[in-house]
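These notes are about the structure you will find just below.
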Amino acid sequence: MEPVVQFDNVNKSYGGYVAVENLNLSIEAGKFVTLLGPSGCGKSTSLRMLGGFERPTSGRILLNGKDVTRVPPNKRNVNIVFQDYALFPHMTVAKNIAFGLELKGFDNQKIHRRVSELLELVQLEEYARRLPSELSGGQRQRVALMRALAPDPDVLLLDEPLSALDAKLRQQMQIELKSIQEKTGKTFMFVTHDQEEALTMSDTIVVMNKGRIEQMGDPDTLYGRPGSVFVANFIGETNLLRSTVLGMDGDMTTLSWNGITITASQGGLAPKLGEHLYVVLRPEAIHCSVAEPASGNRIKGKIRQRVFKGNHTSLMVDVGDGTLLNTLVHPSEIAHLSGENIWVGWKPETATVIPDRHAHN
Ligand code: ADP
């Protein structure tokens, strides 16, 4: 199937500054795709180029196979929702949603039907005649979304639309946004610097760093098999164990780390003997115990810090020479770990190796 969106070798410079470099990206219809990365990595610029608000310095952008690189925004079948989802304050909810449809010259009956359908989708039928000022923040956000979806765009572009909301509402809206995307089957292209938001909603996450794609994949893969230190650090919490390769066995690697020998999954890398690598070890993959584990990777440590986080406790464990491991302990287990001296252990296959470099540096 032809992708809905294609960035074909797209570059964007402002003066001499390269904001987006060699962007190649295909997006399938009906997917929730998120551009994720720190502030200034080129996410919004990429989105704005797709919307037609910025023109690439070089390269092409295709919508449904058609080159739209030089097509103005109002002639592209895309719509954008910004953080400050400004609704028209003097228009009712229904009028706000109808706005784009009237511009397109739809007849009244069709407009009425479409507005009702969209209000029903977000359970706001009762609010059709209200003004935006008579709605809650979450409701206003839903109306803004429906206004953008009303003309049935090929792609809905969302530029950090949830970042102005408080934490609780933001979480609710993440779930709602994903559900709206699934119900409508629309292609969503979402921009955020918030990794949790990206993990919650996306089919595909495109991690950007300094104007380039660092890694893309589904949330599971990016979390479980980050391809670089940048991605491992950016997505979730992690321990990075700087290790030296001692040997290979099937798809596992034996490494020397912190005075002991450990085993980790190769994660698609072809390690070389003697090479320095990082082992990515997620806090929740670590098991803390009083007794020495019978198998797997294990090392003695001293608890240096306990941070209660409600549904778990975060333990910082010194495993020698001030090397700290961040571990996550469930409430049922924390009572057994009252002393300072413990063992930390993890299964070899829960850790994976990545190159000892920061990509693009
Ligand atoms: P992000 O959305 O990832 O935070 P942006 O795409 O907004 O990043 O910006 C990428 C880089 O391009 C930033 O360093 C930003 O300062 C620069 N930039 C964006 N827009 C302009 C502009 N209109 N003029 C000059 N530089 C810009």
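Position in the sequence shown (from 1) plus 868 gives the number in our numbering. Don't be surprised by glycine CBs; every beta carbon is placed ideally from N, CA and C.
_Whole angstroms are fine: how far does the CA of residue 1216 sit from the CA of residue 1146?_
14 Å
With a 10 Å radius around its C-beta and 16 neighbouring C-beta atoms as the bar for buried, classify residue 1155 as buried or exposed.
-> buried
* When 1159, 1192, 1074 are compared against residue 1204, the one with the closest alpha-carbon -> 1159
Whole runs of the beta strand (DSSP E) within the stretch 1101–1169, excluding any shorter than 3 residues: 1107–1117, 1120–1125, 1128–1133, 1144–1149, 1155–1157
| request: Note down, one range per segment and in chain order, each alpha helix (DSSP H) of at least 4 residues found wholly within the stretch 1062–1086. | output: 1063–1069
- prompt: Of all the options 964, 1101, 1014, which has the alpha carbon lying nearest to the alpha carbon of residue 988?
  reply: 1014
Go ahead and pull the three-state DSSP assignment for residue 928.
strand
Rounded straight-line distance, which links the Cα of residue 1066 to that of residue 1170
35 Å
> CA-CA distance, residue 1229 and residue 1039?
Replying inline: Low per-residue confidence applies at residue 1229: pLDDT is 37, beneath 50, and the placement is therefore not dependable, though the value from the model is reported in the following sentence. Going from the Cα of residue 1229 to the Cα of residue 1039 covers about 34 Å.
With three or more C-beta pairs closer than 8 Å as the rule, is the stretch 1049–1067 touching the stretch 1101–1108? yes
Q.
Considering just the uninterrupted stretch of the beta strand (DSSP E) at residue 1213, what are its terminal residues?
A. 1209–1214
**Study point:** Residues near residue 956 by beta carbon distance below 6 Å, same chain, minus five either side
**Key:** 964
Q. Residue 977: buried (16+ other C-beta within 10 angstroms of its C-beta) or exposed?
A. exposed
TODO: Classify residue 953 as helix, strand or coil using the three-state DSSP reduction.
DONE: coil
State yes or no: is the C-beta of residue 911 nearer than 7 Å to some heavy atom of the ligand ADP?
-> yes
- [ ] Answer yes or no: the CB of residue 1097 versus the heavy atoms of the ligand ADP, is any distance below 7 Å?
- [x] no
Starting from residue 903, trace the beta strand (DSSP E) in both directions and tell me its first and last residue.
900–904
- Query: For residue 1200, does the three-state DSSP call read helix, strand or coil?
  - Reply: helix
Self-check item: Pair within 8 Å by beta-carbon distance, residue 1090 and residue 1075
Solution: yes
Count the CB pairs spanning the stretch 1183–1195 and the stretch 1129–1141 that are closer than 8 Å, and state whether there are at least three. no
For the putative contact between residue 842 and residue 1222, defined by C-beta atoms under 8 Å, what is the C-beta separation to the nearest angstrom?
Past the edges of the chain, shown from 869 to 1229, lies residue 842, and the structure says nothing about it.
Span separating the alpha-carbon of residue 1186 from that of residue 1071: 37 Å
**Q.** Inter-residue Cα distance where the pair is residue 903 and residue 874
**A.** 14 Å
Checklist line | residue 891 versus residue 1189 - alpha carbon distance | finding: 43 Å
Note to self: DSSP has residue 1173 in a bridge; who is on the other side?
What the structure shows: 1184
| Can you name, in chain order, every residue of its own chain whose Cβ lies under 6 Å from the Cβ of residue 886, other than the five neighbours on each side? | 1079
Practice task
Alpha carbon to alpha carbon, how far is residue 1182 from residue 1176? Give it in angstroms, no decimals.
Solution key: 6 Å
In chain order, what residues of the same chain have a beta carbon less than 8 Å from the beta carbon of residue 1115, not counting five sequence neighbours either side? 1121, 1122, 1141
Review point. Should residue 1024 and residue 949 be called a contact, given that it needs their Cβ atoms to be closer than 8 Å?
Key: yes
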